[in-house]
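Here's the structure, in structure tokens; my notes come after.
Protein chains: 2
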Amino acid sequence: MLGLFLEDIDEGLSVDLGSYHFTRENILRFARKYDPQPFHLSDEGGFRGPFGGLSASGWHTAAGWMKCFVATNDAARAKLLAAGKTSPEVGPGPGFTNLKWLKPVYPGDTVRYSSRVTGKRELASRPQWGLVFSMNEGFNQKDELVFSFEGKVFTARLPSP
Amino acid sequence: MLGLFLEDIDEGLSVDLGSYHFTRENILRFARKYDPQPFHLSDEGGFRGPFGGLSASGWHTAAGWMKCFVATNDAARAKLLAAGKTSPEVGPGPGFTNLKWLKPVYPGDTVRYSSRVTGKRELASRPQWGLVFSMNEGFNQKDELVFSFEGKVFTARLPSP
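First to last, the protein sequences are chains A and B.
For reference, each letter of the first sequence is one residue, going 1 to 161 in our numbering.
For reference, each letter of the second sequence is one residue, going 1 to 161 in our numbering.
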């Protein structure tokens with residue numbers, strides 16, 4: 001996370017991940033490929049559906065978070081590397097819990113994502129890695145919470161001196 | 001689920017959702033758009049990364065589940081409608097929990113998804129809907145469990161007579 005080693009990440013660290021803009025085009029493109037439910041495919045389907053209009057697949061909202069998370073980490077890491085520091089790539093995630101789609105995301109919405117570190121743990125089984133736990137949220141342009149989940153990600157530990 | 005009303009869905013109902021084939025092309029396309037980490041973008045990045053080769057974004061594995069879930073429900077519903085029965089569209093999901101990416105998914109892998117009903121609940125706040133809870137899994141062609149999560153989905157109740 002942010003190009004940091006496990007040792008440099010503390011509970012409470014809060015990161016603005018930037019935002020993802022949902023357009024009619026990207027909503028339809030994602031839905032046709034992965035989530036072709038009527039309320040993700042057309043205005044008519046949306047109006048007849050549970051959200052009163054065309055809305056983005058929840059998995060698209062999640063993918064927008066991932067895109068922003070990767071971009072933020074890459075930028076932070078590039079800055080550290082440019083300054084001559086050592087900086088690990090962000091590791092994979094073994095999974096997560098409590099994902100909530102709290103409000104629909106409509107065409108024209110911009111969702112701003114954030115991540116806040118809620119804890120970390122060393123791993124006996126993988127001494128070169130730890131796990132960082134985080135609370136992740138997405139707010140639309142009206143500042144309504146539309147999306148959240150509790151994540152975890154493998155994070156490299158400082159190389160032994 | 002399966003075009004059924006809440007009343008017709010019982011704990012233990014188990015559904016084969018069909019499969020999704022991961023190709024180099026769809027892995028790269030998804031990763032470039034939503035999860036551009038080195039180990040999802042190229043063989044070289046994959047070999048240097050944690051999984052020994054190019055692998056699919058975990059969110060792509062999840063999106064493959066969604067695609068199969070929608071297709072299975074649509075086909076079951078079409079059959080019921082063709083037989084002159086009343087059948088509700090599958091409702092939206094408020095979220096889910098305990099998503100696990102257990103093994104990497106590589107180009108050429110085919111993941112077969114399934115869903116098993118673990119419970120259901122009526123909703124006091126929305127008398128026309130209930131919630132169906134499910135355990136969802138994805139197995140690759142070697143029968144290794146690669147993906148699972150505990151889902152829930154709004155499901156229409158039988159209209160009052």
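We put the CB at the ideal spot given by N, CA and C, even for glycine.
Exposure of residue i, with buried meaning 16 or more beta-carbon neighbours within 10 Å
i         : result
ARG24(A)  : exposed
GLU137(A) : buried
SER134(A) : buried
SER125(A) : exposed
ALA63(A)  : buried
LEU81(B)  : exposed
SER225(B) : Residue 225(B) lies beyond the range of chain B shown here (1 to 161); nothing can be said about it.
LYS85(A)  : exposed
GLY49(B)  : buried
SER148(A) : buried
LYS79(A)  : exposed
LEU6(B)   : buried
LEU17(A)  : buried
ARG29(B)  : exposed
Reduced DSSP category for residue i - H, G, I as helix; E, B as strand; rest coil
i         : result
LYS100(B) : strand
LEU17(A)  : strand
PHE5(B)   : coil
ALA156(B) : strand
LEU145(A) : strand
ASN140(B) : coil
THR86(B)  : coil
TYR34(A)  : helix
GLY151(B) : strand
THR47(A)  : According to the sequence provided, residue 47(A) is Phe. The question's Thr does not apply to it. Note: PHE47(A) maps to helix in three-state DSSP.
LEU131(A) : strand
GLU11(A)  : coil
THR72(A)  : helix
ARG126(B) : coil
THR61(B)  : helix
Proximity below 8 angstroms, CB of residue i to CB of residue j
i         : j         : result
GLY3(A)   : ASN73(A)  : yes
PRO104(A) : ALA156(A) : no
GLY46(B)  : SER57(B)  : no
SER172(A) : ARG112(A) : Any answer about residue 172(A) is impossible in this case: the structure gives chain A only from 1 up to 161.
LYS120(A) : GLY130(A) : yes
PHE96(B)  : GLU11(B)  : no
PHE51(A)  : PRO92(A)  : no
VAL132(B) : LYS152(B) : yes
TRP65(A)  : ASP35(A)  : no
VAL90(A)  : ILE9(A)   : no
Under 8 angstroms by beta carbon: chain A residues contacting residue i
i        : result
GLY52(B) : In chain order: nothing, as chain A lies at least about 12 angstroms away.
ALA62(B) : TRP59, ALA62
GLY91(B) : PRO50
For residue i, the nearest candidate out of the options (CA to CA)
i         : options                                  : result
ASN140(A) : ALA156(A), LEU28(A), PHE22(A), LEU158(A) : PHE22(A)
THR61(B)  : GLY151(B), VAL146(B), PHE154(B)          : VAL146(B)
ASP109(B) : ALA76(B), PHE69(B), ILE27(B)             : ILE27(B)
VAL70(A)  : GLU44(B), TYR106(B), ALA31(B), PHE154(B) : ALA31(B)
ASP43(A)  : GLU122(A), LEU123(A), PRO107(A)          : PRO107(A)
GLN128(B) : LEU158(B), GLY53(B), THR118(B), HIS40(B) : LEU158(B)
GLY53(B)  : LYS67(B), GLN37(B), ALA76(B)             : GLN37(B)
LEU123(A) : PRO94(A), PHE39(A), LYS33(A)             : PRO94(A)
LYS67(B)  : HIS40(A), LEU102(A), ARG77(A)            : HIS40(A)
GLU144(B) : ARG77(B), LEU102(B), MET1(B)             : LEU102(B)
Proximal residues of chain B, C-beta to C-beta of residue i below 8 angstroms
i         : result
LYS100(A) : PRO94, GLY95
LYS67(A)  : LYS33, TYR34, ASP35, PRO36
Contacts of residue i in chain B (Cβ-Cβ under 9 angstroms)
i        : result
VAL70(A) : TYR34, ASP35, PRO36, GLN37
Residue i: CB within 7 angstroms of a non-hydrogen atom of the ligand MN
i        : result
LYS33(A) : The ligand MN is not among the ligands present in this structure, which contains no ligands whatsoever.
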